[in-house]
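Heads up, the thing below is written out as structure tokens.
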Amino acid sequence: SAVISQKPSRDICQRGTSLTIQCQVDSQVTMMFWYRQQPGQSLTLIATANQGSEATYESGFVIDKFPISRPNLTFSTLTVSNMSPEDSSIYLCSVGTGGSLNEKLFFGSGTQLSVL
Amino acid sequence: AQSVTQLDSHVSVSEGTPVLLRCNYSSSYSPSLFWYVQHPNKGLQLLLKYTSAATLVKGINGFEAEFKKSETSFHLTKPSAHMSDAAEYFCVVSGLYYGNNRLAFGKGNQVVVIP
């Protein structure tokens, strides 16, 4: 299994500012993912964080708004840039540890973001 | 692409009575199906998964789910609810798509257990 430490657990931010969320894993993992869960909605994949290369973004998400870093196999950050109230969501880090994504997928406890 | 439908965003059950959470999916490929649980201030935890083996899947904490292809369903059940079952439950479907796994999450069921 993998233990994921995600922080901050929650934050309240002002419009126009940026917040960086950190995800630390207790073991080396190949695949790291960032999800967003907007109020009343299901989880939506933002991007796959690739070690040594740029993140792969899903449709509707762009690097300028959600820059991601993946400096090594145990750590990643997601920045929510130039925030607006529409960015108020829970953001979740996830890792895949097995050869098959479906088999071994673990989630962090999430970051509750509120933008005023 | 795949999608997941979870009706009843909020479900209330009395302690000791059965729990039933419904999940219907659509997928262009043979899907893998999962149920995850999220307790307050905790990460998502895998309850059980179906990956083309037995259609009745037993998970942790007394939960089980049955894959019914004809009904495209994967409902989660537990015979007797416990107070510790109060949490949010997500049904998730995954299917190979152009060589990349894609996960689709349902909107979740918030379960309240009444003493």
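Line by line, the protein sequences are chains A and B.
Read left to right, the first sequence gives residues 1 to 116 (our numbering).
Read left to right, the second sequence gives residues 1001 to 1115 (our numbering).
Think of the CB as a built atom: it goes at the ideal place given N, C-alpha and C, for glycine as much as any other residue.
The model shown is predicted, which means the values in this text are computed figures rather than measured ones.
Terminal residues of the beta strand (DSSP E) in which residue i lies
{"i": "G73 of chain A", "result": "Before going further, note that residue 73 of chain A is Leu rather than Gly in the sequence given. Where L73 of chain A is concerned, there is no enclosing beta strand (DSSP E), given that its DSSP letter is neither H nor E."}
{"i": "S18 of chain A", "result": "Counting along the chain, S18 of chain A falls outside any beta strand (DSSP E), and DSSP gives it neither H nor E."}
{"i": "M83 of chain A", "result": "Premise fails: M83 of chain A is in no beta strand (DSSP E) and is neither H nor E."}
{"i": "N1061 of chain B", "result": "Per DSSP, N1061 of chain B belongs to no beta strand (DSSP E) and is neither H nor E."}
{"i": "M31 of chain A", "result": "M31 to Q37"}
{"i": "S89 of chain A", "result": "S89 to G96"}
{"i": "S1026 of chain B", "result": "N1024 to S1026"}
{"i": "H1075 of chain B", "result": "S1073 to K1078"}
{"i": "A55 of chain A", "result": "Here A55 of chain A belongs to no beta strand (DSSP E), and DSSP marks it neither H nor E."}
Through-space distance from residue j to residue i, alpha-carbon basis
{"i": "L1020 of chain B", "j": "F1074 of chain B", "result": "11 Å"}
{"i": "N1109 of chain B", "j": "S88 of chain A", "result": "20 Å"}
{"i": "T30 of chain A", "j": "S94 of chain A", "result": "11 Å"}
{"i": "K7 of chain A", "j": "N1041 of chain B", "result": "12 Å"}
{"i": "G96 of chain A", "j": "L43 of chain A", "result": "16 Å"}
{"i": "I4 of chain A", "j": "M83 of chain A", "result": "25 Å"}
{"i": "L73 of chain A", "j": "L45 of chain A", "result": "20 Å"}
{"i": "T1077 of chain B", "j": "V1011 of chain B", "result": "13 Å"}
C-beta neighbour in chain B for residue i, strict 9 Å
{"i": "T44 of chain A", "result": "yes"}
{"i": "Q51 of chain A", "result": "no"}
{"i": "F75 of chain A", "result": "no"}
{"i": "L78 of chain A", "result": "no"}
{"i": "L92 of chain A", "result": "yes"}
{"i": "C23 of chain A", "result": "no"}
Selected residue, minimal CA-CA separation from residue i, among the options
{"i": "I21 of chain A", "options": "A:Y91, A:F107, A:V115 and A:F106", "result": "A:Y91"}
{"i": "R1022 of chain B", "options": "B:A1086, B:P1040 and B:V1092", "result": "B:V1092"}
{"i": "S1030 of chain B", "options": "B:D1008, B:S1003 and B:L1046", "result": "B:S1003"}
{"i": "S1080 of chain B", "options": "B:G1043, B:L1056, B:Y1025 and B:G1062", "result": "B:G1062"}
{"i": "L1047 of chain B", "options": "B:S1026, B:F1090, B:V1013 and B:F1105", "result": "B:F1090"}
Neighbour flag for residue i against chain A, beta carbons, 9 Å
{"i": "A1054 of chain B", "result": "no"}
{"i": "L1135 of chain B", "result": "As shown, chain B starts at 1001 and ends at 1115. That puts residue 1135 of chain B outside it, with no answer to give."}
{"i": "S1009 of chain B", "result": "yes"}
{"i": "Y1036 of chain B", "result": "yes"}
{"i": "Y1098 of chain B", "result": "Unreliable positioning characterises Y1098 of chain B in this predicted model, as indicated by a pLDDT of 38, which lies under 50. A coordinate reading is not provided."}
{"i": "V1112 of chain B", "result": "no"}
Partner residues on chain A for residue i, Cβ-Cβ distance less than 7 Å
{"i": "N1061 of chain B", "result": "Correct list: empty, because the minimum Cβ distance to chain A is about 17 Å."}
{"i": "F1105 of chain B", "result": "S42 and L43"}
Within chain A, partners of residue i - CB distance below 9 Å
{"i": "N1041 of chain B", "result": "S9, S109 and G110"}
{"i": "G1016 of chain B", "result": "In chain order: nothing, as chain A lies at least about 29 Å away."}
Listed by chain order, chain B residues near residue i by CB distance under 7 Å
{"i": "I4 of chain A", "result": "G1043"}
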